[in-house]
Structures are given as structure tokens and as C-alpha cells.
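K.L.:
For reference, the structure I am asking about is given below.
Numbering (the working numbering), first residue to last: 1 to 465.
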């Protein structure tokens, strides 16, 4: 599984860097079947986990995406991805690797079309009001080497930070299932596949698990006697539905859409599960049982991949812990000369411009001994009336927000992008480790609050300077 997983992480990084978000948003604005199908197709290869897809989908909705297309995207994306498809092939074989994305596509299209029909009947859709800029986003020109480095960082650092914990959790749960779950319990349900699948749904829906992390759990359940169809039910419902996603869908798209989303996932999972158990040859899905029971020698390549994966895990979580342990000086200029120890410090690199009514960066005396020092407090700096008037005219507001609901780097990057498009915002810094955002510029604070909530997050607290 590990070599395929590493290859999947590489493809995930390349997809993230080479395919711009606007490419997806361009085709999803219409409330028609075409948008639903395209949204489903776009979502299949994307390596977004159950939480990372939420802000992405909310961003699509804010950009004008229809409810039907947004829900289809929200359904298809977490069920599978380029990384989980390869991992599924390595564990379950070709049949499962093909059926899993087909099932995700089918369920997303069906749910999206149902919502599309209902929305057309209502014919009173309100346009999505957004406080974001209508202008085009800034396009960053990068060379091939820089793009490749960014792809590698995304695939082998950010992706592992996002789903590594879920994968480890999945492996631990799989080990516990292998040891603790009596084989007789699942064998007793083998003659009643529908009842078995309903039991799996009760187990899967409340569970928070990503598409890749669900694989070892499903494999362990199959080795204990779970039918292939019931395993697919878990692989579909586990990543696609959890309480967090249902709450966000309910808040952003309404109770009706949430109900259709949940019922659609359950029905489609049962349809595919029963089809596998009753209509497809059992030998297509017996590979896991036969291969997993034989302890084959692990070759040198597998050991190298395993060692590389362990090192990548250690590196990713060490970086995450390091960032979490940094002093919360949100100034962005972590250089030797910076003495700012304030949460809301607005230092901007070389200028050391502390945009506060009273300079809080220095203790007894000003350390910015520059003629252009713009500290506005009584810190011993050299000010004159003209400079103070210019500073007052150019004063930018700094606001600090504590945010609940950010779980991964997808959440952080989507929120940062959305906040940067608000009128008047000059700079945005979102910290995943500290669950916070710093916004600088001349902006309406309510626009920022609305944007955070529209992206599916909760606002814990905020401070303005």
C-alpha cells in the first residue's frame, strides 16, 4: 500500500499546483445537469479529506456555484481521490479500485440532479451575495522548479499533515478490529447483507474518517467476515458523511439539501453494496482475503518506501509542532531584530510599522531608531506633525479573529484566499495551529465575519486594533 500511497501524494501535489481553482469555479455556476456532472467529475481526483472539502465547496458556492453543483462536489470529492484510488488498488485489487470512483460519481450525480430538479421547481433561487472582490484574482507567475517544489511540499508535507493522523487512527482501529471483534458477529450477519450494511452505516456515519484512512478499517472488517458489498458501503459513507459536514451543509445550503444529501448517500451506498454482493462475481473481491493471509517477504523497495513514509510523517508532524510552538507574533517578520511580542502586531518586514494607537512593540525605548519611524506611541522615537498626519491618513486597521472549525491546510488556504478578496483587505495571515486569522487593511469588519461564517467556520472571538 505504501508505494501507491506515496505516488498518490505526488499526484495530489501536481493536481493542486497545476489546476487552478478558477478552472473548477468557471463551470459550476449554472443550475443544470451539466454543472452537476462536471462538479462530480472535477471532485473525483481531488485529494481533499472530509473537512478540507467543506471550505472548498463553500468557496465554490460563494463564487456563484449552484446548490446542485456544490452538493455534487461535496458528495464526490471526499469519497475518493487520486491517492485513495491507488491505495484501494494496492489493498483490494482492480475491481474495488474501479468501482469506488464509479460509485462516488454515480451518487454525486444522482444527488445533484435531484437537487437541481427541486431548485428548478422552486425557481426562486436567490443570488449568492458575496463581499468578495469582483475583480480577477492575482495570478502568481512561477517557474517550473518553483511549481515542482510547491507540489512536493503540498503532497509530502501538507497532505501528510492533513490525513496522516487519520491514516494512523485508521490503522489503529483496524488493528483493534482484527484483535477484538469476534468473527462470529459478522459471520452471523453474512446471510443478511442488507442488515449487515445497515449496521455498517450506523458505525460509519458518525465516524470522521478520510478516504485513505478508511481503507485499512474496511480491510480489517473484510478479513473478519464482512461482505465486499458492506465494505464498499463503509468506504462510501464513512468519508462522505459525518456530523461536521452535515452541520455545515445545513447551515450553508439548507435543511432540504442536507436531507437529500444524507438520504442520497445512504441509498446509493446500499444500491452499490447490494449490487456487489448479489450481481458481481465474488472472486473479483476475494483478493484481499487470499493475499492478506499470506505473509510474503517484503522486498527492498517496499522497505525503502516504508522508511520514506515514516520519515515524511515525522517531518510533517515535527513541522506542525514547531509552528504550533512558535511565539504568537503574527507580524510575519521573524527576524532577529523583531522585538514584537503582541498577538496583533502589524509589523511589515523592514519598516517595522506597528499600526497601533500606542506602540506595544518596545518596552522602555524605541528600537526603530529611524527617521521614518512610524510608531504612534510615546516610545521615544522621532516624530513630527507632518509625519503623524500622514500616518493617520495611511493607518490600516488590524483585526485578530479566533476561528473554530479549521482542521487542515485546505481549510486554511481556502479561508485565506476568501478573506484576501474582501474589499479593502491588504494582507491576511491564517494560522491553522492557532486557529486564528490576522486581517490588515481598510475593510468592513462585518464583511470579514460574514466571510468566515459563509466558509463554514465559527467565530470564537475577535480583537481590533
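For every residue, glycine included, the Cβ atom is placed at its ideal position computed from N, Cα and C.
Would you kindly work out how many angstroms separate the C-alpha atoms of residue 256 and residue 240, rounded to a whole number?
P.N.:
Walking along the chain shown from the start, residue 256 turns up at place 256. Walking along the chain shown from the start, residue 240 turns up at place 240. If I take the Cα positions, the gap works out to 18 Å.
K.L.:
Does the structure place the region 108-117 close enough to the region 260-276 that three or more beta carbon pairs sit under 8 Å?
P.N.:
As far as the Cβ criterion goes, the region 260-276 touches the region 108-117, which means the pair count is three or higher.
K.L.:
How close, in whole Å, do the beta carbons of residue 72 and residue 108 come, if the pair is a contact with beta carbons under 8 Å?
P.N.:
Translated into the one-based positions of the chain shown, residue 72 becomes position 72. Translated into the one-based positions of the chain shown, residue 108 becomes position 108. Taking the Cβ atoms as the reference, residue 72 lies roughly 4 Å from residue 108, within the contact range of under 8 Å.
K.L.:
From residue 308 to residue 3, what does the alpha carbon distance come to, in whole angstroms?
P.N.:
Against the chain shown, residue 308 aligns to sequence position 308. Against the chain shown, residue 3 aligns to sequence position 3. Their backbone Cα atoms lie some 10 Å apart in a straight line.
K.L.:
Mapping the DSSP letters down to three states, classify residue 460 as helix, strand or coil.
P.N.:
In the chain shown, the residue the question calls residue 460 occupies position 460. The answer is strand: DSSP assigns residue 460 an E or B state.
K.L.:
Name the DSSP bridge partner or partners of residue 87?
P.N.:
In the chain shown, counting from the first residue as 1, residue 87 sits at position 87. In DSSP, residue 87 forms no bridge with anything.
K.L.:
For residue 46 versus residue 155, is the C-beta distance shorter than 8 Å?
P.N.:
Here residue 46 corresponds to residue number 46 of the chain shown, with the count starting at 1. Here residue 155 corresponds to residue number 155 of the chain shown, with the count starting at 1. Not a contact, by the Cβ cut-off of 8 Å.
K.L.:
Would residue 494 be called buried (16 or more neighbouring beta carbons within 10 Å of its own) or exposed?
P.N.:
There is no way to answer for residue 494, as the model of the chain reaches only from 1 to 465.
K.L.:
Determine the burial state of residue 442: buried for a count of at least 16 other Cβ atoms within 10 Å of its Cβ, exposed for fewer.
P.N.:
The residue labelled residue 442 in the question sits at position 442 within the chain shown. Residue 442 should be labelled exposed.
K.L.:
Does DSSP classify residue 117 as helix, strand or coil?
P.N.:
The count along the chain shown starts at 1 and reaches residue 117 at position 117. Residue state, collapsed to three classes: helix.
K.L.:
Please name the residue, chosen from 197, 68 and 16, that lies closest to residue 33 on a Cα-to-Cα basis.
P.N.:
Residue numbering aside, residue 33 sits at position 33 when the chain shown is read from its first letter. Among 197, 68 and 16, the Cα nearest to that of residue 33 is on 68.
K.L.:
Counting only the same chain and skipping the five closest in sequence on each side, list residues whose C-beta sits under 7 Å from that of residue 88.
P.N.:
Taking the chain shown and counting its residues from 1, one reaches residue 88 at position 88. 96, 97, 100 and 215.
K.L.:
Tell me the residue span of the beta strand (DSSP E) that contains residue 438.
P.N.:
Looking up residue 438 in the chain shown gives position 438. 436-441 is the span of the beta strand (DSSP E), which, as asked, contains residue 438.
K.L.:
Among the residues of its own chain, which have a CB less than 7 Å from the CB of residue 110, if the five just before and after it don't count?
P.N.:
Here residue 110 refers to the residue found at position 110 of the chain shown. 264 and 268, listed in sequence order.
K.L.:
Classify residue 192: buried if its beta carbon has 16 or more other beta carbons within 10 angstroms, exposed otherwise.
P.N.:
In the chain shown, the residue the question calls residue 192 occupies position 192. Answer is exposed; the Cβ neighbour count stays below 16.
K.L.:
Short of 7 Å in beta carbon distance, which residues of its chain neighbour residue 6, apart from the five on each side in sequence? Order them along the chain.
P.N.:
Along the chain shown, read from residue 1 onward, the residue named residue 6 stands at position 6. The answer, listed in chain order, is 305, 308 and 309.
K.L.:
Which runs of the beta strand (DSSP E) spanning at least 3 residues fall entirely within the region 193-263, listed in chain order?
P.N.:
none
K.L.:
In terms of DSSP beta bridges, what is residue 111 paired with?
P.N.:
As a first step, residue 111 is located in the chain shown; it is residue number 111 there, counting from the start. The partner list for residue 111 (beta bridge, DSSP) is empty, contrary to what the question assumes.
K.L.:
Can you tell me whether DSSP reads residue 147 as helix, strand or coil?
P.N.:
What you label residue 147 is simply residue 147 of the chain shown in a count that begins at 1. Shown here, residue 147 sits in a helix according to DSSP, grouped into three states.
K.L.:
On a Cα-Cα basis, can you pick out the residue from 176, 165 and 35 that is closest to residue 223?
P.N.:
For this step, residue 223 is matched to residue 223 along the chain shown. Here the closest residue by C-alpha is 176.
K.L.:
For residue 188, is the classification buried or exposed, using 16 other Cβ atoms within 10 angstroms of its Cβ as the cut-off for buried?
P.N.:
Translated into the one-based positions of the chain shown, residue 188 becomes position 188. So residue 188 counts as exposed.
K.L.:
Express the C-alpha separation of residue 274 and residue 299 in angstroms, rounding to a whole number.
P.N.:
As a working mapping, residue 299 is identified with position 299 in the chain shown. As a working mapping, residue 274 is identified with position 274 in the chain shown. Approximately 38 Å between the Cα atoms of the pair.
K.L.:
When DSSP labels each residue in this structure, what does residue 53 get in the three-state scheme?
P.N.:
Position 53 of the chain shown, counted from the start, is the residue given in the question as residue 53. Helix, per DSSP.
K.L.:
Work out the CA separation of residue 146 and residue 152 for me, nearest whole Å.
P.N.:
Mapped onto the chain shown, residue 152 falls at position 152. Mapped onto the chain shown, residue 146 falls at position 146. Cα to Cα, residue 152 sits roughly 10 Å from residue 146.
K.L.:
Below 8 Å on the Cβ atoms is my contact criterion, and I expect residue 432 with residue 406 to pass it. Report the Cβ-Cβ distance as a whole number of Å.
P.N.:
Locating residue 432 in the chain shown gives position 432, counting from the first residue. Locating residue 406 in the chain shown gives position 406, counting from the first residue. The Cβ separation is near 6 Å, so the contact holds.
K.L.:
Ends of the beta strand (DSSP E) at residue 32?
P.N.:
The sequence position of residue 32 within the chain shown is 32, counting from 1. Run containing residue 32: none; DSSP gives neither H nor E here.
K.L.:
Would residue 412 be called buried (16 or more neighbouring beta carbons within 10 Å of its own) or exposed?
P.N.:
As a working mapping, residue 412 is identified with position 412 in the chain shown. Classification for residue 412: buried.
K.L.:
Quick check on residue 83: buried or exposed, where buried means 16 or more other Cβ atoms within 10 Å of its Cβ?
P.N.:
Locating residue 83 in the chain shown gives position 83, counting from the first residue. Residue 83 should be labelled buried.
K.L.:
Run the CB neighbour count on residue 172, radius 10 Å, all protein chains shown included, and call it buried at 16 or more, exposed below.
P.N.:
Taking the first residue of the chain shown as 1, we reach residue 172 at position 172. It counts as exposed.
K.L.:
Taking all protein chains shown into account, decide if residue 196 is buried (16 or more other Cβ within 10 angstroms of its Cβ) or exposed.
P.N.:
Residue numbering aside, residue 196 sits at position 196 when the chain shown is read from its first letter. The residue is buried, with at least 16 neighbouring Cβ atoms inside 10 Å.
K.L.:
Given this structure, state the Cα-to-Cα distance separating residue 226 from residue 232, to the nearest angstrom.
P.N.:
Along the chain shown, one-based indexing puts residue 226 at 226. Along the chain shown, one-based indexing puts residue 232 at 232. For residue 226 and residue 232, the distance between alpha carbons rounds to 10 Å.
K.L.:
On a Cα-Cα basis, can you pick out the residue from 419, 423 and 447 that is closest to residue 437?
P.N.:
On the chain shown, residue 437 is found 437 positions in, with the first residue counted as 1. With distances taken between Cα atoms, residue 437 lies closest to 419.
K.L.:
Does the beta-carbon distance from residue 399 to residue 460 come in below 8 Å?
P.N.:
The residue given as residue 399 occupies position 399 in the chain shown. The residue given as residue 460 occupies position 460 in the chain shown. The Cβ atoms of residue 399 and residue 460 do not sit closer than 8 Å to each other.
K.L.:
Once you ignore the five residues that flank residue 430 on each side, which residues in its own chain have a CB closer than 6 Å to its CB?
P.N.:
Within the chain shown, the letter at position 430 stands for residue 430. 412, 415, 416 and 437, listed in sequence order.
K.L.:
Alpha carbon to alpha carbon, what distance is there between residue 221 and residue 179?
P.N.:
Here residue 179 is taken as the residue at index 179 of the chain shown, counted from 1. Here residue 221 is taken as the residue at index 221 of the chain shown, counted from 1. So the alpha carbons of these two residues sit roughly 11 Å apart.
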